[in-house]
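Residue 37 in numbering that gives the first Met the number 0 sits at position 38 of the sequence shown, with consecutive numbering throughout. For glycine and all other residues, C-beta sits at the position ideal for the given N, C-alpha and C. Shown next, in structure tokens, is the structure this report addresses.
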Amino acid sequence: MTNPPPAHLIRTAADLRAAGNAWERVADEVEYPLVEVREWPQRYPTRWRKATEAAVRRTLSEATGEALLYLRKQLRSENAKVVCEASLKLVQVRVLLEKAHRPAKGDTQQTTSPPGYADRLLNYVRGMTDEQLATAGDSESLQAAG
């Protein structure tokens, strides 16, 4: 029985797999034999699971950041329909995040927005015309929605 690989190599392998890389690429990157690297999930299940879960969280976080950046770029489009769709998507993300981080009943933790703010903001944006959405970033503040 060989010694387990160092933690940083399991993390690297998990990161590569979470990003969709083939086992061959993983083995090349960590400089371990392919047959051995493929066995890591079974041989070291707890370490592999923890590393993989963390890698998936990091990958999803990066992808989400990229998607939000792309939507924000679309807000500057000349096409009112593109601006409207991007606005709605961004507000929907806000609503979901607010609901996901809403304190449990009885929790005294303060939120950054008043109760129901995200839902009111979404309804406000849905009610805007294409012209209003196209100029919202220039002359109107969505803060007024609350």
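**Asked** Can you tell which of S60, A50, N20 and I9 has its C-alpha closest to the C-alpha of E35?
**Response** Translated into the one-based positions of the sequence shown, residue 35 becomes position 36. When only C-alpha atoms are compared, the closest one is I9.
**Message:** Measuring straight from C-alpha to C-alpha, what distance separates N20 and W47?
**Reply:** Locating residue 20 in the sequence shown gives position 21, where the first residue counts as 1. Locating residue 47 in the sequence shown gives position 48, where the first residue counts as 1. Those two C-alpha atoms are separated by around 16 Å.
**Request:** Over the uninterrupted alpha helix (DSSP H) stretch that includes E65, give me the two end residues.
**Result:** Walking along the sequence shown from the start, residue 65 turns up at place 66. Element bounds for E65: P44 to Q73.
**Item:** Given V92 as reference, the closest of W39, L68 and Y31 once Cα atoms are compared
**Value:** Along the sequence shown, one-based indexing puts residue 92 at 93. Nearest C-alpha to V92: L68.
**Item:** CB of D14 within 8 Å of CB of A54, strictly
**Value:** Reading the sequence shown from its first residue, position 15 is the one you call residue 14. Reading the sequence shown from its first residue, position 55 is the one you call residue 54. Yes, Cβ-Cβ distance for D14 and A54 is below 8 Å.
**Message:** I need the straight-line Cα distance from P3 to E61, nearest angstrom please.
**Reply:** Counting from one through the sequence shown, the residue named residue 3 turns up at place 4. Counting from one through the sequence shown, the residue named residue 61 turns up at place 62. Looking at the two C-alpha atoms, the distance is approximately 29 Å.
**Message:** Just to check my reading of the structure: W39 and A12 have Cβ atoms closer than 8 Å, yes? What is that Cβ distance to the nearest angstrom?
**Reply:** By one-based count along the sequence shown, residue 39 stands at place 40. By one-based count along the sequence shown, residue 12 stands at place 13. Confirmed, Cβ separation roughly 6 Å.
**Prompt:** If L74 sits next to A85, beta carbons under 8 Å apart, how far is it from one beta carbon to the other, in whole angstroms?
**Reply:** The residue you call residue 74 lines up with position 75 of the sequence shown. The residue you call residue 85 lines up with position 86 of the sequence shown. Confirmed, about 5 Å.
**Asked** Which residue comes first and which comes last in the alpha helix (DSSP H) that contains H7?
**Response** Sequence index remark: in the sequence shown, residue 7 carries index 8 (1-based). That run of the alpha helix (DSSP H) goes A6 to A17.
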